[in-house]
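Trainee:
This is the structure we're talking about:
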């Protein structure tokens, strides 16, 4: 199964998405509220950037 990875430029949070969820054409950015794993609080950055393979 092919995966696409998105990373928060502020806190380093990484989110993986199966490519079939993205119709095999993943966007360059993904809007997602997430937790900063260091502070355990909601990160102020909601735009995740696609990681290049």
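In the working numbering, the protein residues as written are 482 to 534. Beta carbons: idealized from backbone N, C-alpha and C, even for Gly. Since this is a predicted model, take the numbers as computed values, not measurements.
Check this for me: beta carbons of residue 514 and residue 525, under 8 Å apart or not?
Mentor: It is not a contact, given that the beta carbons lie outside the stated cut-off.
Trainee: Taking DSSP's pairing of strands, which residues face residue 501 in a bridge?
Mentor: Residue 501 pairs with nothing; no bridge assigned.
Trainee: Locate the beta strand (DSSP E) running through residue 519, then write down its first and last residues.
Mentor: Segment: none, residue 519 is in no beta strand (DSSP E) and carries neither H nor E.
Trainee: Can residue 518 and residue 488 be called in contact, C-beta distance under 8 Å?
Mentor: no
Trainee: Figure out for me which residue from 510, 501, 497 has the closest Cα to the Cα of residue 531.
Mentor: 510
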